[in-house]
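Working notes, beginning with the structure itself.
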Amino acid sequence: MGLLKKIFTAIRGGATEAGEAFVDANSIRILEQEIKDADGHIHKAKQDLTTVIAKEMAASREIEEIKTKVNEYEGYAISALNKGDEALAIEIADKIANLESDLGQQQEAQSSFSAHANRLRELVKKTERTLAEYKRQLTMVKTTDSVQKATSAISDSFSNSNSKIMSATESLERIKTKQREFDDRLKAAETLDNESPDTSLDTKMKEAGIGPQTSSASSVLDRIKAKKGA
Amino acid sequence: MKIKQIAEQLDKLSVESREGYDFENQIIPGEEEVLQIILVGREEIPVYLTQTDTQILCISYLWGENEIKPESKGELIEMMLDMNIPMPLSSFARIGDQYAVFGALSTNSSIEDIAHEIVTLSDNSLEAIDVMSEFLK
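Protein chains in written order, with our numbering: chain A, 1 to 230; chain B, 1001 to 1137.
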């Protein structure tokens, strides 16, 4: 959006003369650098995201393992109590308490990783949008630049070849005249083809075996034989 | 495709793909290469083709600022805006003090698409001058 405004201002300021750039060459360089940077940021964010997701998965696995162990040791504790071994049961309970403390830590780590991953996903999305915007602006700059250069090449070629630039209506009139002449010639040729009674009469006569006969091999041979005999 | 390749491929096109027209192509050298395409019989209004990273632009010049009847300029411009969408494949534009019609194609376009664009643009430019001539000197 910023760029369109810049071009708007340049046009309003009268920067429409051939050779006068709407956008200085620096803008292209800066935009290209920004695109490169944004591409770099996206690449880095995606790498970080992969790492964070891997850590999150490891934490989830760890949580499941700890939970299984807690269940297992709770079973042991019950067995110890059933056997009346209070001391062992306390020791097992101590172990369970430790496991639950680990569980808490892992759960905290997992939610932190998960939050981090979400932030990175948002960052990637945002950077992708910025990148698309930079690319759109670059297209705009390059097209403007290219059209300007092309236009000046076209007008240079006109002045070099000394072509007289006719007005639009004169050009159109000349093209229409040429088209009319072409159509007239085509029509004339068609009329000529259709209105040739001689040709049709010849055809009819020939079909009837009347009129000048075209020479055939046998008639030529007859002629030669006649000459030879004479 | 580079401008030179487009020129070479246009030369090889069948008459069907050229929609019955003969093309005369000439590359105009410069900082930005331009291909001038003349449809034989329409020498006065060539089509210019130029390329950027993302698009191929075909441009035909219509009339200059100095050819417009001053009192009709507002009406002419409104008419050009109104006609922009009905006009197939081409749009009105202004480059410097020259009014133009142009069409933009993807750089992945086939040579047949480019040829179709060129012929359509040429048709549109003649028709545009014809219908807008009452606003012109």
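All C-beta atoms, glycine included, are put in the ideal place defined by N, C-alpha and C.
Residue i - DSSP class collapsed to helix/strand/coil
i, result
"GLY2/A", "helix"
"TYR1021/B", "coil"
"SER163/A", "Model confidence at SER163/A stands at a pLDDT of 48, short of 50, so the residue's coordinates are unreliable; what they give is reported in the following sentence. The answer is coil: DSSP assigns SER163/A none of H, G, I, E or B."
"ALA18/A", "Confidence at ALA18/A is low in this model, with a pLDDT of 45, below 50, so its placement is unreliable and the value that follows should be read with caution. Here ALA18/A sits in coil by DSSP."
"THR144/A", "helix"
"LEU1105/B", "strand"
"THR1050/B", "strand"
"VAL1015/B", "coil"
"SER1110/B", "coil"
"GLY1064/B", "strand"
"ILE1056/B", "strand"
"VAL1034/B", "strand"
"LEU1010/B", "helix"
"SER1090/B", "coil"
"ILE1085/B", "coil"
"ILE210/A", "coil"
"ILE92/A", "helix"
"ILE35/A", "helix"
"ALA217/A", "helix"
"ILE1045/B", "coil"
C-beta neighbour in chain A for residue i, strict 8 Å
i, result
"VAL1101/B", "no"
"TYR1021/B", "no"
"ASP1011/B", "no"
"ILE1056/B", "no"
"LEU1089/B", "no"
"ILE1037/B", "no"
"ASP1123/B", "no"
"LEU1105/B", "no"
"ILE1095/B", "yes"
"ILE1006/B", "no"
"LEU1136/B", "yes"
"LEU1062/B", "yes"
"ILE1129/B", "yes"
"ILE1045/B", "yes"
Closer than 8 Å to chain B by CB, residue i
i, result
"THR177/A", "no"
"ASP183/A", "no"
"LEU172/A", "yes"
"SER167/A", "yes"
"ASP156/A", "yes"
"ALA188/A", "no"
"ALA150/A", "yes"
8 Å Cβ cut-off: residues of chain B touching residue i
i, result
"ARG180/A", "Those within 8 Å of ARG180/A in chain B number zero; the least Cβ separation is about 11 Å."
"ALA153/A", "ILE1028, PRO1029, GLY1030, GLU1031, GLU1032, GLU1033, VAL1034"
Cβ-Cβ separation, residue j to residue i (assumed contact under 8 Å), whole Å
i, j, result
"LEU1136/B", "THR169/A", "5 Å"
"GLU34/A", "TYR134/A", "5 Å"
"ALA38/A", "LEU123/A", "Going by Cβ atoms, the distance from ALA38/A to LEU123/A rounds to 11 Å, so no, they are not a contact pair."
"ILE175/A", "LEU1062/B", "Actually they do not touch by this definition, with Cβ atoms about 13 Å apart."
"LEU4/A", "LEU138/A", "LEU4/A to LEU138/A, Cβ: 13 Å. No contact."
"VAL1040/B", "GLU1065/B", "Not really, about 30 Å apart at Cβ, beyond 8 Å."
Neighbour list for residue i in chain A, Cβ cutoff strictly below 9 Å
i, result
"THR1052/B", "THR139, LYS142, THR143, ASP145, SER146, VAL147"
"SER1133/B", "ALA168, THR169, LEU172"
Contact list for residue i against chain A, beta-carbon separation under 8 Å
i, result
"ASP1082/B", "What ASP1082/B touches in chain A: nothing, since even the nearest Cβ is about 19 Å away."
Residue i: contacting residues in chain A (beta-carbon distance under 7 Å)
i, result
"SER1109/B", "Going along chain A, no residue has its Cβ under 7 Å from SER1109/B, so there is no contact; the nearest lies around 16 Å."
"ARG1042/B", "ILE175"
"GLU1067/B", "SER167, ALA168"
"LEU1126/B", "LEU172, ILE175"
How about the stretch 66–74 of chain A and the stretch 40–49 of chain A: do they share at least three Cβ pairs that are nearer than 8 Å? No: the two stretches stay apart, fewer than three of their Cβ pairs being nearer than 8 Å.
Would you call the stretch 1098–1106 of chain B in contact with the stretch 1048–1059 of chain B, where contact means no fewer than 3 C-beta pairs closer than 8 Å? Under the Cβ criterion (8 Å, minimum of three pairs), the stretch 1098–1106 of chain B counts as touching the stretch 1048–1059 of chain B.
Given 8 Å, three or more beta-carbon pairs between the stretch 1035–1044 of chain B and the stretch 1092–1101 of chain B: These segments do not touch.
Quick one: any contact between the stretch 47–63 of chain A and the stretch 143–151 of chain A, if contact means 3 or more CB pairs under 8 Å? Verdict: no, contact absent.
Cβ contact (3+ pairs, closer than 8 Å) linking the stretch 1105–1116 of chain B and the stretch 1002–1017 of chain B: Yes: the two stretches touch, three or more of their Cβ pairs being nearer than 8 Å.
State whether the stretch 1085–1094 of chain B contacts the stretch 1044–1052 of chain B, with contact taken as three or more CB pairs (one from each stretch) at a distance under 8 Å. Because the criterion of three Cβ pairs below 8 Å is not met, the stretch 1085–1094 of chain B and the stretch 1044–1052 of chain B do not touch.
Please confirm if the stretch 76–94 of chain A is in contact with the stretch 110–118 of chain A, defined as three or more CB-CB distances below 8 Å between the two stretches. Segments in contact, no.
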